[in-house]
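Under the numbering used here, the residues of the sequence shown are numbered -6 to 167, in order.
Idealized CB from N, CA, C, for every residue including glycine.
As the structure is a computational prediction, the values presented were derived from the model and not from experiment.
See below for the structure under consideration.
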Amino acid sequence: MEFLERVFHLKEHKTDVKTEVIAGITTFMAMAYILAVNPSILKDAGMDSGAVFTATALAALVGTLLMVVLANYPFVLAPGMGLNAYFAYTVCGNMGYSWEVALAAVFIEGIVFIILSMTSVREAIFNAIPMTLKYAVTTGIGLFITFLGLKNANLVVPDNSTYVAVYSFKDAIA
């Protein structure tokens, strides 16, 4: 316990080990859905869901440990549910790229982002984007994920005249 106090300055932050353990369990429970949803989405791009599950768990573990050890912040990191849907349904689905090619593009983008983050360019780009556009993009991603959930639950279905329609429960009963 003394080690944890020395490393994480628990008293200085007005907390204790018990509180932090409960917070960690609560946070894990709130984010555990990612372990099921991420493989479900990425399998639609052709990826092996078992491998995606393992990669998701390892990415969350490594990201969280790096945040704890390097930044000393109690933040849990895990893959986001917006970009994986874009990856699977837009890049691999509508655009027709294989998941291997799309993943290579993501890797290259990651390298570019690291380089931009080590300079002040990333911050300048971020600050140049108006808040209204940031809110709009966030809202759009949320609506896209909601639409995918409704589609996967078969609550919205394809329609020739409007592209999508609400599922007719009347037809299901008949």
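Please classify residue i as buried or exposed, where buried requires at least 16 neighbouring CB atoms within 10 angstroms.
| i | result |
| --- | --- |
| Ile108 | exposed |
| Met40 | buried |
| Pro123 | exposed |
| Leu51 | exposed |
| Val114 | exposed |
| Thr49 | buried |
| Ala64 | exposed |
| Val84 | buried |
| Leu141 | buried |
| Ala23 | exposed |
| Ala95 | buried |
| Pro151 | exposed |
Under the DSSP definition of a beta bridge, which residues are partnered with residue i?
| i | result |
| --- | --- |
| Tyr156 | Asp152 |
Can you check whether the CB of residue j is closer than 8 Å to the CB of residue i?
| i | j | result |
| --- | --- | --- |
| Ala38 | Phe80 | yes |
| Met74 | Ile27 | yes |
| Leu35 | Val45 | yes |
| Glu13 | Pro67 | yes |
| Thr20 | Val55 | no |
| Tyr160 | Leu148 | yes |
| Asn31 | Asn77 | yes |
| Ala53 | Ala29 | no |
Between which two residues does the alpha helix (DSSP H) carrying residue i extend?
| i | result |
| --- | --- |
| Glu116 | 114 to 121 |
| Pro32 | 26 to 36 |
| Val45 | 42 to 59 |
| Ser91 | Looking at the DSSP string, Ser91 is not in any alpha helix (DSSP H), and its letter there is neither H nor E. |
| Leu74 | According to the sequence shown, residue 74 is Met rather than Leu. Segment 74 to 78, the alpha helix (DSSP H) holding Met74. |
| Ala129 | 124 to 145 |
| Val0 | -5 to 1 |
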